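These notes concern the structure reproduced below.
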Amino acid sequence: MEYENNTVVKEFVLLGFSQTHKVQMILFFFFLLFYMIILPGNILIILTIQGESQLRTPMYFFLANLAFLDICYCCVTPPKMLADFFSHHKTICYNACMAQLFFLHFLGAAEAFLLMAMAYDRYVAICKPFHYTRLVNRAVCYVLVGASWAGGFIHGITLFALTIALPFCGPNILDNFFCDVHQLVKLACADTHIVELLMFLNNGVVIVMCFALLLISYTVLLLKLRTQSSKAKSKIASTCVSHIIVVFVMCGPAMYIYVLPFRAVPMEKVVALFHTVIFPLTNPIIYTLCNKEIRSSVWKLV
Numbered sequence: 000m001e002y003e004n005n006t007v008v009k010e011f012v013l014l015g016f017s018q019t020h021k022v023q024m025i026l027f028f029f030f031l032l033f034y035m036i037i038l039p040g041n042i043l044i045i046l047t048i049q050g051e052s053q054l055r056t057p058m059y060f061f062l063a064n065l066a067f068l069d070i071c072y073c074c075v076t077p078p079k080m081l082a083d084f085f086s087h088h089k090t091i092c093y094n095a096c097m098a099q100l101f102f103l104h105f106l107g108a109a110e111a112f113l114l115m116a117m118a119y120d121r122y123v124a125i126c127k128p129f130h131y132t133r134l135v136n137r138a139v140c141y142v143l144v145g146a147s148w149a150g151g152f153i154h155g156i157t158l159f160a161l162t163i164a165l166p167f168c169g170p171n172i173l174d175n176f177f178c179d180v181h182q183l184v185k186l187a188c189a190d191t192h193i194v195e196l197l198m199f200l201n202n203g204v205v206i207v208m209c210f211a212l213l214l215i216s217y218t219v220l221l222l223k224l225r226t227q228s229s230k231a232k233s234k235i236a237s238t239c240v241s242h243i244i245v246v247f248v249m250c251g252p253a254m255y256i257y258v259l260p261f262r263a264v265p266m267e268k269v270v271a272l273f274h275t276v277i278f279p280l281t282n283p284i285i286y287t288l289c290n291k292e293i294r295s296s297v298w299k300l301v
């Protein structure tokens with residue numbers, strides 16, 4: 000397509016974190032070390048759950064899927080970020096930018112919906128234990144996981160379609176280390192008010208609703224502790240606390256970035272780093288540290 004100034008953006012320039020070579024090398028080795036430790040840990044969790052018959056329950060089935068989603072999610076932006084630490088001119092072509100945007104929101108939304116499925120599993124296990132095997136059987140688990148992936152795909156493809164329809168004819172500089180919708184919209188050479196509204200409804204509102212529903216469900220579960228025995232209280236509390244930590248870790252930065260996505264917010268780049276690189280890989284680790292069964296199974300496998 001041709002526009003008024005007869006130019007079309009074919010690539011975007013990423014400013015990254017720092018232009019200082021020494022700082023970039025320090026960041027590179029820090030993130031590389033982090034991945035060398037945490038990424039195999041997530042793979043180990045999946046192998047442990049698949050290999051131990053006692054862990055073949057709905058809760059661990061969802062946890063294995065969460066670990067797999069997090070591994071996929073962390074393959075979207077970090078490889079490009081690590082490669083850019085060795086580049087003086089950090090660029091990403093238009094097609095790669097759009098693909099990065101799609102997979103980031105597809106996998107991120109799928110994870111949010113999966114957390115809601117995990118909350119449903121814990122609610123039934125604690126509040127309706129006698130109906131658990133009927134309400135959360137294998138078929139239901141597959142449906143919930145499939146629905147999470149489908150919901151994530153619809154979310155991602157909607158944002159992708161809205162963004163790819165925008166004309167980009169310059170400038171092409173993104174003050175970040177990856178492509179995201181709210182920064183791309185600012186570069187569009189067209190009226191974007193309607194697109195901004197649709198993106199907010201598809202992004203900000205969905206995140207806030209997921210966070211609110213998850214928080215309400217775990218609050219109900221914690222209130223249920225009063226009617227349980229001391230042994231059950233300890234088990235329920237450890238499970239709920241780990242789930243609540245993950246909910247805040249995932250939804251907190253996402254709301255910070257996307258609830259007011261078209262206004263400049265302080266520390267946005269740092270928050271985006273934790274949201275897209277650090278926190279996703281630590282989610283299954285948080286569950287593991289709070290679970291004696293999976294800790295002993297991991298140690299046995301090692």
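In this text, residue positions in the sequence shown follow numbering that gives the first Met the number 0: the first is 0, and each later residue adds one.
Idealized CB from N, CA, C, for every residue including glycine.
Because the structure is a prediction, the values reported are computed rather than measured.
Could you spell out the range, first to last residue, of the alpha helix (DSSP H) harbouring C126? The sequence position of residue 126 within the sequence shown is 127, counting from 1. Here the alpha helix (DSSP H) through C126 covers Y93 to C126.
Identify which residue in C209, L32, F167 and M35 has its Cα closest to the Cα of G251. Stepping through the sequence shown from its first residue, residue 251 is reached at position 252. Minimum Cα distance to G251 is reached at C209.
Three-state class that DSSP yields for L165 in the structure shown: Residue mapping note: residue 165 aligns to position 166 of the sequence shown, counting from 1. L165: coil per DSSP, three-state reduction.
Which class does E10 belong to by DSSP, given the choice of helix, strand or coil? In the sequence shown, residue 10 corresponds to position 11, counting from 1. In this structure, E10 counts as strand in the three-state DSSP scheme.
Could you check what DSSP says for N5 in three-state terms: helix, strand or coil? In the sequence shown, counting from the first residue as 1, residue 5 sits at position 6. Residue placement at N5 is poorly supported in this model, since its pLDDT is 42, which falls under 50; the coordinates still yield a value, given next. Here N5 sits in coil by DSSP.
Short Cβ contact (7 angstroms threshold) for H154 with H104: Here residue 154 corresponds to residue number 155 of the sequence shown, with the count starting at 1. Here residue 104 corresponds to residue number 105 of the sequence shown, with the count starting at 1. It is a contact, given that the beta carbons lie within the stated cut-off.
With a cut-off of 8 angstroms on the beta carbons, I'd call M58 and H242 a contact; round off their distance for me. Residue mapping note: residue 58 aligns to position 59 of the sequence shown, counting from 1. Residue mapping note: residue 242 aligns to position 243 of the sequence shown, counting from 1. Not confirmed; about 10 angstroms, so no contact.
Where H274 falls, given that 16 or more other Cβ within 10 Å makes a residue buried: Counting from one through the sequence shown, the residue named residue 274 turns up at place 275. Flag for H274 reads buried.
Which listed residue (F176, V205, I206 and L165) has its alpha carbon closest to that of T191: On the sequence shown, residue 191 is found 192 positions in, with the first residue counted as 1. The shortest Cα separation from T191 among F176, V205, I206 and L165 belongs to L165.
Let me confirm a value: S296 is counted as buried when at least 16 other C-beta atoms fall within 10 Å, else exposed. Which label applies? One-based indexing of the sequence shown puts residue 296 at position 297. The residue is buried, with at least 16 neighbouring Cβ atoms inside 10 Å.
Given this structure, state the Cα-to-Cα distance separating T287 from R294, to the nearest angstrom. Residue numbering aside, residue 287 sits at position 288 when the sequence shown is read from its first letter. Residue numbering aside, residue 294 sits at position 295 when the sequence shown is read from its first letter. Near 6 angstroms, if we compare the C-alpha coordinates of R294 and T287.
Whole angstroms is fine: what's the gap from V194's alpha carbon to L14's? Residue 194 sits at position 195 when you count from the first residue of the sequence shown. Residue 14 sits at position 15 when you count from the first residue of the sequence shown. Taking the straight line from one Cα to the other gives about 25 angstroms.
Would you kindly report the start and end of the unbroken alpha helix (DSSP H) that includes K291? Indexing the sequence shown from 1 puts residue 291 at position 292. Counting along the chain, the alpha helix (DSSP H) containing K291 begins and ends at K291 to L300.
Cβ neighbours of T76 in the same chain (closer than 8 angstroms, five flanking residues each side left out): On the sequence shown, position 77 is the one that residue 76 refers to. For T76, where only same-chain residues beyond five positions count, the Cβ hits under 8 angstroms are Q99, L103, F176, F177, T275 and V276.
On the CB-based measure, 16 or more other CB atoms within 10 Å of its CB, does L200 come out buried or exposed? One-based indexing of the sequence shown puts residue 200 at position 201. Classification of L200: exposed, given that the 10 Å Cβ count is below 16.
Using a threshold of 7 angstroms, state whether the C-beta atoms of L113 and L54 are closer than that. For the purposes of this step, residue 113 is identified with residue 114 of the sequence shown, where counting begins at 1. For the purposes of this step, residue 54 is identified with residue 55 of the sequence shown, where counting begins at 1. No; because the gap between Cβ atoms is not below 7 angstroms, this pair is not in contact.
Is it right to say L272 is buried, meaning 16 or more other beta carbons lie within 10 angstroms of its own, or is it exposed? Numbered from its first residue, the sequence shown carries residue 272 at position 273. By the neighbour-count rule (16 or more Cβ atoms within 10 Å), L272 is buried.
Can you tell me whether A111 is buried or exposed, with buried defined as 16 or more other CB within 10 angstroms of its CB? Numbered from 1 along the sequence shown, position 112 holds the residue referred to as residue 111. Buried: at least 16 other Cβ atoms inside 10 Å.
Spatial distance of T218 from V270 (CA atoms): Taking the first residue of the sequence shown as position 1, residue 218 is located at position 219. Taking the first residue of the sequence shown as position 1, residue 270 is located at position 271. C-alpha separation (whole angstroms): 26 angstroms.
For T56, three-class secondary structure by DSSP: Indexing the sequence shown from 1 puts residue 56 at position 57. Coil, per DSSP.
Own chain residues within Cβ distance below 8 angstroms of I244, not counting five before or after: On the sequence shown, position 245 is the one that residue 244 refers to. The answer, listed in chain order, is I285.
With distances taken between CB atoms, is the gap from V246 to G203 smaller than 7 angstroms? Taking the first residue of the sequence shown as 1, we reach residue 246 at position 247. Taking the first residue of the sequence shown as 1, we reach residue 203 at position 204. No, the pair does not count as a contact, with Cβ atoms beyond the cut-off.
Across which residues does DSSP place T90 in a beta bridge pair? As a working mapping, residue 90 is identified with position 91 in the sequence shown. In DSSP, T90 forms a bridge with V12.
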